[in-house]
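Contents: one structure, followed by commentary.
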Amino acid sequence: NAGVTQTPKFQVLKTGQSMTLQCAQDMNHEYMSWYRQDPGMGLRLIHYSVGAGITDQGEVPNGYNVSRSTTEDFPLRLLSAAPSQTSVYFCASSYRTGSHPLAKNIQYFGAGTRLSVL
Amino acid sequence: AQSVAQPEDQVNVAEGNPLTVKCTYSVSGNPYLFWYVQYPNRGLQFLLKYITGDNLVKGSYGFEAEFNKSQTSFHLKKPSALVSDSALYFCAVRANTGGFKTIFGAGTRLFVKA
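Heads up: the sequence lines are chains L and W, in that order.
Just remember that our numbering sits 528 ahead of the position in the first sequence, which is counted from 1.
Just remember that our numbering sits 3 ahead of the position in the second sequence, which is counted from 1.
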């Protein structure tokens, strides 16, 4: 079990470039989320998904797109990077169903992607 | 709308002393409440959660938290702090109305001095 895997670990972009942050989990979790972490602001929810084919917006969705074509993968796309998107990005996953009552609602986090936009 | 407040940016405590990290929340309906810890250059790790039942919840590494509905608080506590407890702590809240949107506080840095 690798858990939640994020790639790349580090990335530097120029303003206007696009890129995709990858997130994969091997725990068959229904729920997946993307957060960004900025100093003094904690974690802010960007987008989340409750299952394959279903996504929804979080607190700060502007400038980001997501899709969930499989249970395992939940990529985050930056269409036109801006310096304001410089941050550390975390992907997280969680069980939804009652078949895992002890683990339900607990989010498992990846190690993060540190993104700089120049 | 859901929100979480962690009023202290940093908490300093001597090793062996009790520690408290404060959290208050706002949510429609009954809350699901969580504490996570983050060590340097790592993702967040789950510590404990309150879903329902006993207001005092025990979690990993000797931590516990008390749910207080009237004060809308969920403070994290430990009877005797260790230097290795030094880390960034996040409180989070989710409404129990069936959605999954989980909102995190800004985080509190705990520094335990030997």
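Note that the Cβ used here is the ideal one computed from N, Cα and C, for glycine as well.
| Query | Result |
| --- | --- |
| Verify whether the separation of the beta carbon atoms of THR75/W and PHE93/W is less than 9 Å. | no |
| Do the CB positions of ALA580/L and SER597/L come within less than 9 Å of each other? | yes |
| Just to confirm my understanding: we take VAL135/W, look at its own chain, exclude 5 residues before and 5 after, and list those with CB closer than 6 Å. What are they? | With chain W covering 4 to 117 only, the question about residue 135/W has no answer from this structure. |
| GLN48/W CB to nearest chain L CB: under 9 Å? | yes |
| How many Å lie between MET569/L and GLY108/W at the Cα? | 8 Å |
| Check whether the stretch 581 to 601 of chain L touches the stretch 631 to 643 of chain L, counting contact only when three or more Cβ pairs, one atom from each stretch, lie closer than 8 Å. | no |
| Kindly confirm or deny that the stretch 605 to 615 of chain L and the stretch 544 to 556 of chain L touch, where touching means at least three C-beta pairs closer than 8 Å. | yes |
| Quick one: what's ILE582/L bridged to in DSSP? | GLY579/L |
| Residues of the stretch 566 to 581 of chain L with a CB closer than 8 Å to any CB of chain W: list them in chain order, please. | GLY568, MET569, GLY570, LEU571, ARG572, LEU573, TYR576 and VAL578 |
| Ends of the beta strand (DSSP E) at VAL540/L? | 538 to 541 |
| Are the C-beta of TYR563/L and some C-beta of chain W separated by less than 9 Å? | yes |
| Leaving out five residues before and five after LEU91/W in sequence, what residues of the same chain have Cβ atoms less than 6 Å from its Cβ? | GLN41, GLY110 and ARG112 |
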